[in-house]
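S.K.: Read top to bottom, the protein sequences are chains A and B.
Here the first sequence stands for residues 566 to 718, numbered as in the working numbering.
Here the second sequence stands for residues 2 to 168, numbered as in the working numbering.
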Amino acid sequence: MNPRLSPTHCGTMFRAVFRLSATGARSLARSRPCYSAPSATRCYSHGKVETDEEFDARWVTYFSKPDIDGWELRKGMNTLIGYDLVPEAKILDSALRACRRLNDLASAIRILEAVKDKAGPHKDIYPYLIQELKPTLSELGISTPEELGIDKL
Amino acid sequence: PNFSLRLSARWHTSFRPTGGREQGVAKVEEYTLPAYFDRRENPLPDVCYVQNLSPEQKSLKEKEIGSWAALSNEEKIALYRISFKQSFAEMNQGSSEWKSVVGGMMFLIGFTGLVVLWQRKYVYGPVPHTFDAEYKAKELQRTLDMRMNPVEGFASKWDYENKQWKK
């Protein structure tokens, strides 16, 4: 699944689709003309293809569970990191709030580190995500790994 | 719950089958418990790195329940280090081990070369007489006499009139 990071507020220039697939041929095969129709024009199997919004919404809901426990947070995060994508800011926002409910600051910082590592060679994804998450980070009092200096050796 | 991460580690010990007898509880083997490991693909391991907290760490954990903005950077790093052993930067760093490996390889290949040279001198007997220069000359003459590969091959390169190689 490759979520399209559409601009959430005017003024941003980010219309880039952050695909982590290395080959251009592969991303060409995965491009969709529009993503409003669940019955996709290009079917890879007879099953329904989940749209990017449905994927995001599902994960936001997962982390928004009020009584989420530590195991569920870890399972969710480890699974999400296993996918071939960088999670959207809203999913990460939901996950960070789950960390707050669990009183787990270390995991919150770890999530930011993992997301930066996930972006790999695409160096512009992480600063964009931090920019999007800035309100949440200051509200919850989460420092980024850069602010703490643990992004360096 | 405060230590939700540690509770999950204890979860495993509560289902020990004792056959109804509470005196003999089997000892929990350490290798059966979830292990901590730093991996890029598994950012949140099953257990915290530090399982037994010192009193300062315990009080820091208490402070974590309150507002995180009230924590200093050192305290935040301390909380991180309780849960995790290495940061992503530390776990991803490379090493210079490859230099030792390549150097060792070259050394051993060189040593093998010395062994081979010694073998040639002291182990192997003489080569057959068919390698003598005189014998080889006779062999070449015979090859030309029998017109071996006369169309495009060996004998085609020899000028039989002038008894020399073709220019």
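By construction, the Cβ of each residue, glycine as well, lies at the ideal position given by its N, Cα and C atoms.
Counting only beta-carbon separations shorter than 8 Å, does Ile-83 of chain B have a partner in chain A?
M.R.: Counted from its first residue, the second sequence places residue 83 of chain B at position 82. At least one chain A Cβ lies under 8 Å of Ile-83 of chain B.
S.K.: Does DSSP classify Gln-52 of chain B as helix, strand or coil?
M.R.: For the purposes of this step, residue 52 of chain B is taken as the residue at position 51 of the second sequence. Correct three-state label for Gln-52 of chain B: coil.
S.K.: Tell me whether Tyr-161 of chain B is buried or exposed, calling it buried when 16 or more other Cβ atoms sit within 10 Å of its Cβ.
M.R.: For the purposes of this step, residue 161 of chain B is taken as the residue at position 160 of the second sequence. So Tyr-161 of chain B counts as exposed.
S.K.: I need the straight-line Cα distance from Val-136 of chain B to Gly-105 of chain B, nearest angstrom please.
M.R.: In the second sequence, residue 136 of chain B corresponds to position 135, counting from 1. In the second sequence, residue 105 of chain B corresponds to position 104, counting from 1. At residue 136 of chain B the sequence reads Tyr, which differs from the Val that was named. C-alpha separation (whole angstroms): 45 Å.
S.K.: Which residues in the same chain have their Cβ closer than 7 Å to the Cβ of Tyr-627 of chain A, if we skip the five residues on either side of it in sequence?
M.R.: Here residue 627 of chain A refers to the residue found at position 62 when the first sequence is read from its first residue. Taken in chain order, the residues that qualify are Gly-641.
S.K.: For a test of the three-state rule: what should DSSP assign to Asp-160 of chain B, helix, strand or coil?
M.R.: Within the second sequence, the letter at position 159 stands for residue 160 of chain B. Asp-160 of chain B falls in the strand class under three-state DSSP.
S.K.: Use the C-beta contact count for Phe-85 of chain B: other C-beta atoms within 10 angstroms, 16 or more gives buried, fewer gives exposed.
M.R.: Taking the second sequence and counting its residues from 1, the one referred to as residue 85 of chain B is at position 84. Classification for Phe-85 of chain B: buried.
S.K.: Quick one: is Lys-699 of chain A near chain B, going by C-beta distance under 8 Å?
M.R.: In the first sequence, counting from the first residue as 1, residue 699 of chain A sits at position 134. No, because no Cβ of chain B sits closer than 8 Å to the Cβ of Lys-699 of chain A.
S.K.: Taking Cβ positions, are Asp-47 of chain B and Arg-639 of chain A nearer each other than 8 Å?
M.R.: Start at 1 with the first residue of the second sequence, and residue 47 of chain B comes out as number 46. Start at 1 with the first residue of the first sequence, and residue 639 of chain A comes out as number 74. In contact: Asp-47 of chain B and Arg-639 of chain A (Cβ atoms closer than 8 Å).
S.K.: Pick helix, strand or coil for Pro-151 of chain B, following the three-state DSSP scheme.
M.R.: Residue 151 of chain B sits at position 150 when you count from the first residue of the second sequence. Pro-151 of chain B falls in the coil class under three-state DSSP.
S.K.: Looking only at DSSP bridge pairs, what is Arg-40 of chain B linked to?
M.R.: As a first step, residue 40 of chain B must be located in the second sequence, where it is residue number 39. Paired residues: B:Asn-43.
S.K.: Grab me the residues of Met-149 of chain B's own chain with a C-beta within less than 7 Å of its C-beta, minus the 5 sequence neighbours each way, in chain order.
M.R.: For the purposes of this step, residue 149 of chain B is identified with residue 148 of the second sequence, where counting begins at 1. Phe-155 and Ala-156.
S.K.: Would Ala-90 of chain B and Lys-688 of chain A be called neighbours here (beta carbons separated by less than 8 Å)?
M.R.: Here residue 90 of chain B corresponds to residue number 89 of the second sequence, with the count starting at 1. Here residue 688 of chain A corresponds to residue number 123 of the first sequence, with the count starting at 1. It is not a contact, given that the beta carbons lie outside the stated cut-off.
S.K.: Starting from the beta carbon of Gly-706 of chain A, find every residue of chain B whose beta carbon is closer than 8 Å, and list them in chain order.
M.R.: Taking the first sequence and counting its residues from 1, the one referred to as residue 706 of chain A is at position 141. What Gly-706 of chain A touches in chain B: Ser-68, Trp-69, Ala-70, Ala-71 and Leu-72.
S.K.: Would you please verify whether the beta carbon of Lys-59 of chain B is less than 8 Å from any beta carbon of chain A?
M.R.: In the second sequence, residue 59 of chain B corresponds to position 58, counting from 1. For Lys-59 of chain B, the answer is no, since every Cβ of chain A falls outside 8 Å of its Cβ.
S.K.: My understanding is that Leu-713 of chain A touches Ala-654 of chain A, with C-beta atoms under 8 Å, so please give their C-beta distance in whole angstroms.
M.R.: Here residue 713 of chain A refers to the residue found at position 148 of the first sequence. Here residue 654 of chain A refers to the residue found at position 89 of the first sequence. At roughly 21 Å, the Cβ-Cβ gap does not stay under 8 Å, so Leu-713 of chain A and Ala-654 of chain A are not in contact.
S.K.: Strictly under 8 Å for the Cβ-Cβ distance: is Gln-52 of chain B near chain A by that measure?
M.R.: For the purposes of this step, residue 52 of chain B is identified with residue 51 of the second sequence, where counting begins at 1. No, because no Cβ of chain A sits closer than 8 Å to the Cβ of Gln-52 of chain B.
S.K.: Could you tell me if Val-680 of chain A is buried or exposed, where buried requires 16 or more neighbouring beta carbons within 10 angstroms of its beta carbon?
M.R.: Translated into positions along the first sequence, residue 680 of chain A becomes position 115. Buried, because 16 or more other Cβ atoms sit within 10 Å of the Cβ of Val-680 of chain A.
S.K.: Provide the residue span of the alpha helix (DSSP H) that contains Ile-690 of chain A, from first to last.
M.R.: Counting from one through the first sequence, the residue named residue 690 of chain A turns up at place 125. Its alpha helix (DSSP H) spans residues 690 to 705.
S.K.: Can you list, in chain order, the residues of its chain whose CB lies under 6 Å from that of Val-625 of chain A, leaving out five sequence neighbours each side?
M.R.: Position 60 of the first sequence holds residue 625 of chain A. Hits under 6 Å: Lys-655, Ile-656 and Ser-659.
S.K.: Taking the alpha carbon of Glu-31 of chain B as the point to measure from, which residue in B:Val-124, B:Gln-52 and B:Ser-60 has its own alpha carbon closest?
M.R.: On the second sequence, position 30 is the one that residue 31 of chain B refers to. Ranking the options by Cα distance to Glu-31 of chain B, first place goes to B:Gln-52.
S.K.: Identify whether Gln-165 of chain B lies in helix, strand or coil by the three-state DSSP scheme.
M.R.: Along the second sequence, one-based indexing puts residue 165 of chain B at 164. DSSP places Gln-165 of chain B in strand when its eight states are reduced to three.
S.K.: Which chain A residues sit within Cβ distance under 8 Å of Ser-88 of chain B?
M.R.: Locating residue 88 of chain B in the second sequence gives position 87, counting from the first residue. Those within 8 Å of Ser-88 of chain B in chain A are Glu-678, Pro-710, Ile-715 and Asp-716.
S.K.: Determine the direct distance from the alpha carbon of Val-614 of chain A to that of Ala-587 of chain A, and round the result to whole angstroms.
M.R.: Here the question's residue 587 of chain A lines up with position 22 in the first sequence. Here the question's residue 614 of chain A lines up with position 49 in the first sequence. Note that Ala-587 of chain A scores a pLDDT of 45, beneath 50, so its modelled location is shaky; the value from the coordinates is reported in the next line. In a straight line, the C-alpha of Ala-587 of chain A is about 22 Å away from that of Val-614 of chain A.
S.K.: What residues in its chain sit with their C-beta under 7 Å from that of Ile-646 of chain A, if we drop five residues either side in the sequence?
M.R.: Translated into the one-based positions of the first sequence, residue 646 of chain A becomes position 81. So the qualifying residues of the chain are Ala-679 and Lys-683.
S.K.: Can you tell me whether Trp-69 of chain B is buried or exposed? The criterion is at least 16 other CB atoms within 10 Å of its CB, across all chains shown.
M.R.: By 1-based counting over the second sequence, the position of residue 69 of chain B is 68. Looking at its Cβ environment, which holds 16 or more other Cβ atoms inside 10 Å, Trp-69 of chain B is buried.
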